[in-house]
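Sequence order for the protein chains is A and B. Heads up, the first sequence is in my numbering, so the first residue is 17 and it goes up one at a time. Heads up, the second sequence is in my numbering, so the first residue is 17 and it goes up one at a time.
Number of protein chains: 2
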Amino acid sequence: MAAVVKTRISVVLADDHPVVRDGLAAMVNQQPDMEVVAEAGDGDEAIACYERHRPDVLVLDLRMPKRDGVAVVQRVLEINPKARILIMTTYDGDEDIFQCLSQGAKGYLLKDAPRQEILSAIRAVSEDRPYTSTTVAAKALQRMAKPSLTQRELDVLQLVAEGRSNKDIARRLSITEGTAKTHVKAILTKLDAISRTEAVAVAHKRGLIHL
Amino acid sequence: MAAVVKTRISVVLADDHPVVRDGLAAMVNQQPDMEVVAEAGDGDEAIACYERHRPDVLVLDLRMPKRDGVAVVQRVLEINPKARILIMTTYDGDEDIFQCLSQGAKGYLLKDAPRQEILSAIRAVSEDRPYTSTTVAAKALQRMAKPSLTQRELDVLQLVAEGRSNKDIARRLSITEGTAKTHVKAILTKLDAISRTEAVAVAHKRGLIHL
DNA sequence: CCGCCGCTCCCCCTTAAGATAGAGACTGCC
DNA sequence: GGCAGTCTCTATCTTAAGGGGGAGCGGCGG
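Below is the structure:
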């Protein structure tokens, strides 16, 4: 023996479903060239696990308790700008994809991906090669052609999505109803919607808001 | 040998995520008293698998391609009214829960449940004992206190959620705008909302609509 | 048979929403 | 300094939405 001493790819899994973690762990640990070194069940744990183990790859679900995926990506890249993060989620709204990739996540794929694709994505990311499935890449490109909403508009949009009236929104944000209307108008224009309800539908589809 | 000849609990898994199926399969097959006999990746396959294998327990995700979980429950119970179905999903809108349980699913739990709970739920259902986690049961009870929407109201609600105006809804359903308004009014009353946008938010939270 | 319910249509009225067209104040960037 | 973008506010006007009624008609079960 004493043959090849090639270190295996170390992986940290972050997902709030034990079932999914088990599935991924089983898949990964079956491979001769990779192993799971830690698992996290929420955003804070994910960050802590990353710091403690400094894995080659962090596999991350976007929707988690305590701190959502985008925030985790941001924080981990602060800790280590060279961190290799693979997003793996069920959600395919183009906003989430765009946010993660533009912040520096190395890969993004959907949970309905077949086993082989998941494994090759982990390998790719571990070698610092970007991996994004074609459908996901297409969405990211779509998103780039669309106008971005300002922070204030996102605040207003969130309240619109909760069913608040312009007057109510104005009160909560300490602005006048007229200003609230101005923001709503801008939102409608940018989302290409003709009513606030349609705007909510569009925004949800794009992942701008999570109801 | 020749000791006890107790047949193991046969399980069919239906979930559109290979990762989740792997996780469940690994968990189940590690138990001495149960085994996975087949897996399905969409609603149609789930029905076919059930018919072919007649498992003791069918573990079913609600959100699947081709045919959604509620429809699968309905169909499987037509095939075998004594079928033992365990719903396992991420969604906790009370409408889905209510629909499945009132149609005859034996158990309902969320994917973020710990391993032990999942396994004991499978065992319970296999013995024809209902299993529903406390949080889920609470939702089902909540739902019972709420007024139901008529089919027509659900049709209108769907269009409202897509951002259609009353006039547009009327055109699509071949009714007058006044009638559309009447339905919308009824929806607002039943959902205890003051605007259509709030109604959409409430309906989505309850699982009445899936955006 | 009658009453309940769901679906349809109608009225009037008030308020909210959206469209249009400005303008001042602040930021950061070139 | 000037320019761009954002956030704020103003005003007016038209249309859509929502509140409160009433009412006819068909099916279904007591």
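Backbone N, C-alpha and C fix where the C-beta goes; we use that ideal spot for every residue, glycine too.
Identification of chain B residues near residue 134 of chain A by a Cβ-Cβ cut-off of 9 Å yields 34 and 35, ordered along the chain. Residue contact with chain A for residue 139 of chain B: absent (no Cβ-Cβ distance below 9 Å to any residue of chain A). If you check each beta-carbon in the segment 78-110 of chain B against every beta-carbon of chain A, none falls closer than 7 Å. Within the segment 33-70 of chain B, the alpha helix (DSSP H) runs of at least 4 residues that lie entirely inside it are, in chain order, 34-46 and 59-69.
For residue 126 of chain B, there is no enclosing alpha helix (DSSP H); the enclosing beta strand (DSSP E) has its first and last residue at 123-126. Contact check for residue 220 of chain B and residue 227 of chain A: beta-carbon distance about 5 Å, within the 8 Å limit, so the pair qualifies. With respect to residue 102 of chain A, residue 66 of chain A sits apart: the two C-beta atoms are not nearer than 9 Å. A contact is defined here as three or more CB-CB pairs under 8 Å, and the segment 134-142 of chain B fails this definition with respect to the segment 168-175 of chain B. Chain B places no beta carbon closer than 9 Å to that of residue 164 of chain A, leaving this residue out of the contacts. For a cut-off of 8 Å, the C-beta gap from residue 207 of chain A to residue 218 of chain A is around 5 Å, short enough to register as a contact. Within chain B, not a single residue places a beta-carbon under 9 Å from that of residue 187 of chain A; the smallest gap is close to 15 Å. Look at residue 151 of chain A: its C-beta is not under 9 Å from any C-beta on chain B. The distance from the Cβ of residue 152 of chain A to that of residue 125 of chain A is about 6 Å, consistent with a contact at the 8 Å cut-off.
Counting only residues of its own chain and dropping the five nearest sequence neighbours on each side, residue 204 of chain B has a CB closer than 6 Å to the CB of 215.
Between residue 75 of chain A and residue 35 of chain A, the C-beta gap is not smaller than 9 Å, which leaves the two residues out of contact. At a cut-off of 9 Å, the C-beta of residue 193 of chain B has no neighbouring C-beta in chain A. Closest by C-alpha distance to residue 68 of chain B, out of B:123, B:92, B:25 and B:187, is B:92. Under the DSSP assignment, residue 26 of chain A falls in the beta strand (DSSP E) whose first and last residues are 25-30. DSSP, reduced to helix, strand and coil, places residue 225 of chain B outside both helices and strands of the structure shown, so it counts as coil.
In this structure, DSSP gives residue 138 of chain A a helical state, which the three-state scheme calls helix. Residue 71 of chain B has a beta carbon lying at 9 Å or more from every beta carbon in chain A. Each residue's CA atom was taken as its position, placing residue 89 of chain B and residue 81 of chain A some 30 Å apart. For residue 173 of chain B, the enclosing alpha helix (DSSP H) stretches over residues 167-177. Going by DSSP, residue 93 of chain A is part of no beta strand (DSSP E) but of the alpha helix (DSSP H) stretching over 85-95. In this structure, residue 109 of chain B places its C-beta atom within 9 Å of the C-beta atom of residue 222 of chain B. About 18 Å separates the beta carbon of residue 213 of chain A from that of residue 198 of chain B, a gap too long to meet the 8 Å contact definition. Residue 105 of chain A places its beta carbon 9 Å or farther from that of residue 131 of chain A.
When beta bridges are read from the DSSP output, residue 107 of chain A appears opposite no residue. Chain-ordered listing is empty here: chain A has no CB closer than 8 Å to the CB of residue 199 of chain B, the nearest sitting near 15 Å. Beta-bridge partners assigned by DSSP to residue 73 of chain B: B:27.
Less than 9 Å divides the Cβ of residue 25 of chain A from the Cβ of residue 72 of chain A. Here residue 43 of chain B is buried, its C-beta having at least 16 other C-beta atoms within 10 Å.
Burial check for residue 122 of chain B: the Cβ neighbour count within 10 Å reaches 16 or more, so the residue is buried. Within chain B, the C-beta atoms nearer than 8 Å to that of residue 179 of chain A come from 209, 210, 211, 213, 214, 215, 216, 217 and 218, in chain order. Around residue 196 of chain A, the same chain offers 172, 182, 183, 185, 186 and 189 as residues with beta carbons nearer than 8 Å, after the five sequence neighbours per side are excluded. Residue 113 of chain A is positioned such that its CB atom lies no closer than 9 Å to that of residue 145 of chain A.
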